[in-house]
Amino acid sequence: MKALFVLSLSLLALVASAKDNFDFFYLVQQWPGSYCDTKRACCYPVTGKPDPIFTIHGLWPNYNDGTYPSNCDQQNEFDGREIEDLQRTMEEYWPTLACPTGNGLKFWAHEWDKHGTCTESTLDQHSYFLSALNLYKKANLLTALQDAGIEPDDRFYSVDSIKLAIKESVGFTPGLECNKDGSGNQQLSEVYLCVDKSGQKFINCPNFPRISCRKQVQFPSF
Numbered sequence: 039m040k041a042l043f044v045l046s047l048s049l050l051a052l053v054a055s056a057k058d059n060f061d062f063f064y065l066v067q068q069w070p071g072s073y074c075d076t077k078r079a080c081c082y083p084v085t086g087k088p089d090p091i092f093t094i095h096g097l098w099p100n101y102n103d104g105t106y107p108s109n110c111d112q113q114n115e116f117d118g119r120e121i122e123d124l125q126r127t128m129e130e131y132w133p134t135l136a137c138p139t140g141n142g143l144k145f146w147a148h149e150w151d152k153h154g155t156c157t158e159s160t161l162d163q164h165s166y167f168l169s170a171l172n173l174y175k176k177a178n179l180l181t182a183l184q185d186a187g188i189e190p191d192d193r194f195y196s197v198d199s200i201k202l203a204i205k206e207s208v209g210f211t212p213g214l215e216c217n218k219d220g221s222g223n224q225q226l227s228e229v230y231l232c233v234d235k236s237g238q239k240f241i242n243c244p245n246f247p248r249i250s251c252r253k254q255v256q257f258p259s260f
């Protein structure tokens with residue numbers, strides 16, 4: 039019995055440590071045209087087809103060594119009532135594209151349960167989603183790319199030019215993630231920007247996610 043008690047305390051300590059000791063966030067935005075233009079395809083949310091803009095995937099706590107905490111508190115489940123005042127904005131900028139068609143609550147619950155519960159020492163549930171929305175509005179990725187002549191027109195652009203356009207607009211170099219369409223073409227899928235532990239401002243990235251983009255990638259229409 040004593041051994042089990044000690045083990046339980048140790049597990050609680052690990053959970054508390056995971057909540058407190060992450061080093062920075064990734065704000066991850068996705069391009070819906072790339073999400074939908076795969077063999078998996080997509081389903082539009084109940085509110086209809088999203089606008090042709092980058093949308094939020096998530097705000098993910100990370101460690102400087104490239105690892106990350108996840109699912110830190112199963113007792114603190116997502117509660118949609120906590121973000122009722124944000125829901126309309128989230129439907130616009132953080133829509134679900136998963137099938138079957140949904141209202142976003144399942145997507146947001148997943149993001150909170152996996153990532154948000156590891157930020158409780160810094161951000162409660164409402165603050166977590168609000169911080170992601172505020173950061174999103176600070177980084178208008180589509181405008182940054184269009185100002186550099188990079189359009190979602192199914193043409194191919196260099197990875198370096200995409201990164202430079204975003205850096206010149208936001209002030210920090212992003213990480214890029216790519217996927218493949220049904221024909222095997224690499225396309226710009228996600229953009230990673232790093233955020234300080236408070237969830238308030240962008241910072242230089244301590245590390246980047248695994249690189250999956252070649253030198254030239256397609257920017258598909260949506």
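The sequence shown begins at 39 in my numbering and counts up one residue at a time.
For each residue, glycine too, the CB sits at the ideal point set by N, CA and C.
Please read these numbers as outputs of a predicted model, since none were measured by experiment.
For Ser196, which beta-bridge partners are listed by DSSP? By one-based count along the sequence shown, residue 196 stands at place 158. According to DSSP, which records beta bridges pairwise, Ser196 is partnered with Gln254.
Gln238 by DSSP, collapsed to three states: which one? Indexing the sequence shown from 1 puts residue 238 at position 200. If DSSP states are grouped into helix, strand and coil, Gln238 belongs with coil.
State the Cα-Cα distance for the pair Ser159 and Ile200, rounded to the nearest angstrom. Looking up residue 159 in the sequence shown gives position 121. Looking up residue 200 in the sequence shown gives position 162. One C-alpha to the other measures close to 35 Å.
Is the Cβ-Cβ distance between Trp69 and Phe116 less than 8 Å? Residue numbering aside, residue 69 sits at position 31 when the sequence shown is read from its first letter. Residue numbering aside, residue 116 sits at position 78 when the sequence shown is read from its first letter. Cβ atoms of Trp69 and Phe116: not closer than 8 Å.
What is the DSSP secondary structure of Val208, counted as helix, strand or coil? By one-based count along the sequence shown, residue 208 stands at place 170. DSSP places Val208 within a helical segment (H, G or I) once states are collapsed to three.
Mind checking which residues open and close the beta strand (DSSP E) that includes Lys152? Residue numbering aside, residue 152 sits at position 114 when the sequence shown is read from its first letter. That residue, Lys152, is in no beta strand (DSSP E); its alpha helix (DSSP H) goes Leu143 to Lys152.
Can you give me the start and stop residues for the beta strand (DSSP E) that Gly213 sits inside? Taking the sequence shown and counting its residues from 1, the one referred to as residue 213 is at position 175. Annotation: the continuous beta strand (DSSP E) that includes Gly213 extends over Gly213 to Lys218.
For Asp111, which residues from the same chain have a beta carbon less than 6 Å from its beta carbon, with the 5 sequence-adjacent residues on both sides left out? Position 73 of the sequence shown holds residue 111. The answer, listed in chain order, is Thr155.
Output yes or no for whether 8 Å exceeds the beta carbon distance between Cys216 and Leu135. Taking the sequence shown and counting its residues from 1, one reaches residue 216 at position 178. Taking the sequence shown and counting its residues from 1, one reaches residue 135 at position 97. No, they are not a contact pair.
Can you list, in chain order, the residues of its chain with a C-beta nearer than 8 Å to that of Asn114? Leave out the 5 residues immediately preceding and following it. In the sequence shown, the residue the question calls residue 114 occupies position 76. Taken in chain order, the residues that qualify are Thr155, Glu158 and Gln163.
Separation of Leu214 from Val208, as counted between CA atoms: Translated into positions along the sequence shown, residue 208 becomes position 170. Translated into positions along the sequence shown, residue 214 becomes position 176. Straight-line Cα distance between these residues: approximately 15 Å.
Please report the distance separating the alpha-carbon of Ser165 from that of Gly86. Translated into the one-based positions of the sequence shown, residue 165 becomes position 127. Translated into the one-based positions of the sequence shown, residue 86 becomes position 48. Ser165 and Gly86: Cα-Cα distance of roughly 27 Å.
Just to confirm the assignment, what range does the beta strand (DSSP E) spanning Thr93 have? For the purposes of this step, residue 93 is taken as the residue at position 55 of the sequence shown. From DSSP, the beta strand (DSSP E) with Thr93 extends over Thr93 to Asn100.
Residues near Ile241 by beta carbon distance below 8 Å, same chain, minus five either side: Mapped onto the sequence shown, residue 241 falls at position 203. Excluding residues within five positions, the ones whose Cβ falls inside 8 Å are Phe62, Phe210, Cys232, Val233 and Asp234.
Assuming the contact rule is C-beta atoms closer than 8 Å, Asp143 and Gly118 should be a hit. Round their C-beta distance to whole Å, please. The residue labelled residue 143 in the question sits at position 105 within the sequence shown. The residue labelled residue 118 in the question sits at position 80 within the sequence shown. Residue identity differs from the one stated: residue 143 is Leu in this sequence, not Asp. That belief holds up - the Cβ atoms of Leu143 and Gly118 are roughly 5 Å apart, short of 8 Å.
Within 10 angstroms of its Cβ, does Asp290 collect 16 or more other Cβ (buried), or is it exposed? Residue 290 lies beyond the residue range present for the chain, which begins at 39 and ends at 260; the question has no answer from this structure.
Looking at the secondary structure, which residues open and close the beta strand (DSSP E) in which Leu226 lies? For the purposes of this step, residue 226 is taken as residue 188 along the sequence shown, with counting starting at 1. In the DSSP assignment, Leu226 falls within the unbroken beta strand (DSSP E) covering Gln224 to Val233.
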